[in-house]
């Protein structure tokens, strides 16, 4: 598997780079961005945080707006930000160009329905293909954590709950916690997975959390802004928090007063998330 | 003078806001962004850093990409990021839509030539109208510093050198140091100021610095990346550094190895600039 360097910028003594590669999972050219901390320059394997972005984002939003590099450089932690969907000629999109389906809205599932199934295989891409590719090309260790925002928070939680052996910890900002029961999730899951709601449940964190055995309960941190416009209708963290309580799963769910859904919120608390993940590597 | 709130986001305990207002200087609606640190919530006047952005930027680039808020919040420093040109219907632009003239490229001068003179009065806007507006609407003190990037570095240096009594310190990332002798500056100055090169010299920092009396020499910090694609042809910091040496003006000029012209570079060193300015408030 080869990768093509698109851009490279020194930042906080490390390097931010963008790459593209032909993906077997999504059958198109995929782009990702990676931050390698200064420690990686000595070919010492460094731990890696997967960051899954939200609706409309590409590999660029987190890298440009989250302000994560100072602490990542201090800790010696790499970060990868994949794209949020397949892209390019022939890749299906919402017929009306809606922001919440198709391009920029892969929802981290493997689609089974036409016209989506051919390229929208983001679950396999994130869980299997991308890790193998990164471990081939970069000095990273087997220590992995996963985090994300909004749709990417759903991605991080659901992928971690389905693969607890692969990650040492998981965190999210403003995650979609119950996609089977909110407009964004229902629209995407109906399109990508069809009408069988049993298939939807395989990607709903508020249900997946109940399948974890106590020894599979990863350390989990969630930050949610109290002034987030999407909180009540789309995000529904209370379902996940209630499920965790019933399971005695000690999640750290924090409501941050006055914060909204934007990267200004993420930037304000990303340091806590990096230090949280670093503790469990 | 009234201002209209466009957006508001809590960040690092303070607030980032975007406003628009009808400008007397530029005869159009101008947009600016401001960060007010938590300390301002108590109506304690806080010092203010003016940040002037580079070519193609709006009020948004610095606020989204520089990662300045954590330290600004710690220090209790407000930051304002004005737009880089007038905009809107009837505002002249480069006939070919070039990025280095017209919209997004006001060069912080008052244009005297048609078709630019009517709206391109960015010098007056930054030096006079905006400060008066901000001091009317926000709890800010009379303590002002000024900084900028590239074209905005030229703006910060030239404005500070022309008005040393107004600012307590000045800094720049990758500034255009000799606009009378580089393609960007020559193109813009010829269009905005006409062919009389004496008018150009009134905005050339490598010349303006020589007019300062010793007691007018503001504390000055410049960061320049060694891998900046624009360094040799457009930025020419050596002319400014040489002039400072001849004057025994103790400027702090730092070459940062391996860094480029991007906001990744700015983010890596903005903390130093904020602490530098804070020292002189």
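Chains as they are written, first to last, in UniProt numbering: chain F, 1 to 281; chain X, 1 to 281. For each residue, glycine too, the CB sits at the ideal point set by N, CA and C.
Subject >> Where residue 47/F sits in the DSSP three-state scheme >> reply: Residue 47/F: strand per DSSP, three-state reduction.
Subject >> Interfacial residues, the segment 64-82 of chain X to chain F, with Cβ spacing under 8 angstroms >> reply: 64, 65, 67, 69, 70
Subject >> Minimum C-alpha distance to residue 35/X - residue among 157/X, 162/X, 22/X, 17/X >> reply: The residue among 157/X, 162/X, 22/X, 17/X with its C-alpha nearest the C-alpha of residue 35/X is 17/X.
**OP:** May I ask which residues mark the beginning and end of the alpha helix (DSSP H) holding residue 16/X?
**Re:** From DSSP, residue 16/X is part of no alpha helix (DSSP H) but of the beta strand (DSSP E) over 14-22.
Original post:
Do three or more CB pairs link the segment 172-182 of chain F to the segment 145-160 of chain F at distances below 8 angstroms?
Top reply: yes
**OP:** Compare the C-beta of residue 195/X against all C-beta atoms of chain F and say whether one is closer than 7 angstroms.
**Re:** no
Original post:
Just curious, the beta strand (DSSP E) that residue 144/X is in, first and last residue?
Top reply: 140-149
Original post:
With a CB to CB cut of under 7 angstroms and the five nearest residues on each side skipped, what residues in its chain are close to residue 243/F?
Top reply: 206, 209, 210
**OP:** Consider the Cβ of residue 261/X: report whether some Cβ of chain F lies at a distance smaller than 7 angstroms.
**Re:** By this cut-off, residue 261/X is not an interface position.
Original post:
DSSP three-state call for residue 166/X: helix, strand or coil?
Top reply: coil
Original post:
So, are the CB atoms of residue 54/X and residue 151/X less than 7 angstroms apart?
Top reply: yes
Original post:
Thinking C-alpha only, which one of 189/X, 170/X, 230/X is nearest residue 179/X?
Top reply: 189/X
**OP:** Give me whichever residues DSSP pairs with residue 223/X in a beta bridge.
**Re:** 173/X, 254/X
**OP:** Just the C-alpha distance for residue 165/F and residue 144/F, rounded to the nearest angstrom, thanks.
**Re:** Each residue's Cα considered, the two are about 10 angstroms apart.
Subject >> Chain-ordered neighbours of residue 268/X on chain F, where CB pairs are closer than 7 angstroms >> reply: The answer, in chain order, is 11, 12.
**OP:** Just confirm the distance between the C-beta atoms of residue 32/F and residue 82/F, as a whole number of angstroms; I'd bet it's less than 8 angstroms.
**Re:** 5 angstroms
Original post:
Between the segment 232-263 of chain X and chain F, which residues of the former have a C-beta closer than 8 angstroms to a C-beta of the latter?
Top reply: Answer in chain order: 258, 259, 260, 262, 263.
Subject >> Segment limits, alpha helix (DSSP H) that includes residue 79/F >> reply: Residue 79/F -> not in any alpha helix (DSSP H); beta strand (DSSP E) instead, spanning 78-82.
Original post:
Do you know offhand how far residue 77/F's Cα is from residue 140/X's?
Top reply: 39 angstroms
**OP:** In the DSSP assignment, find the unbroken alpha helix (DSSP H) run with residue 279/F in it and report its ends.
**Re:** DSSP places residue 279/F inside the alpha helix (DSSP H), whose first and last residues are 263-280.
**OP:** With 7 angstroms as the limit, tell me which residues of the segment 11-44 of chain F have their beta carbon closer than that to any beta carbon of chain X; keep them in chain order.
**Re:** 11, 12, 16
Original post:
What are the boundary residues of the beta strand (DSSP E) that residue 36/X is part of?
Top reply: 29-36 is the span of the beta strand (DSSP E), which, as asked, contains residue 36/X.
Subject >> The beta strand (DSSP E) enclosing residue 212/X, as first and last residue numbers >> reply: Here residue 212/X belongs to no beta strand (DSSP E), and DSSP marks it neither H nor E.
Subject >> Residues that DSSP places opposite residue 75/X in a beta bridge >> reply: Paired residue(s): none; residue 75/X is not in a bridge.
Original post:
When you compare only the Cα positions, how much space is there between residue 49/F and residue 185/F?
Top reply: 25 angstroms
Original post:
How about residue 52/F and residue 148/F: are their beta carbons less than 7 angstroms apart?
Top reply: Yes.
Original post:
At which residues does the alpha helix (DSSP H) containing residue 241/X begin and terminate?
Top reply: 237-247 is the extent of the alpha helix (DSSP H) around residue 241/X.
Original post:
At which residues does the beta strand (DSSP E) containing residue 7/F begin and terminate?
Top reply: 4-11
**OP:** Determine the burial state of residue 255/F: buried for a count of at least 16 other Cβ atoms within 10 Å of its Cβ, exposed for fewer.
**Re:** exposed
**OP:** Please name the residue, chosen from 89/X, 133/X, 162/X, that lies closest to residue 217/X on a Cα-to-Cα basis.
**Re:** Nearest C-alpha to residue 217/X: 162/X.
Original post:
Can at least three beta-carbon pairs, one atom from the segment 59-73 of chain F and one from the segment 125-133 of chain F, be found at a separation below 8 angstroms?
Top reply: no
**OP:** Have a look at the DSSP bridge pairing and note the partners of residue 110/F.
**Re:** 121/F
Original post:
Taking C-beta to C-beta, are residue 14/X and residue 73/X nearer than 7 angstroms?
Top reply: yes
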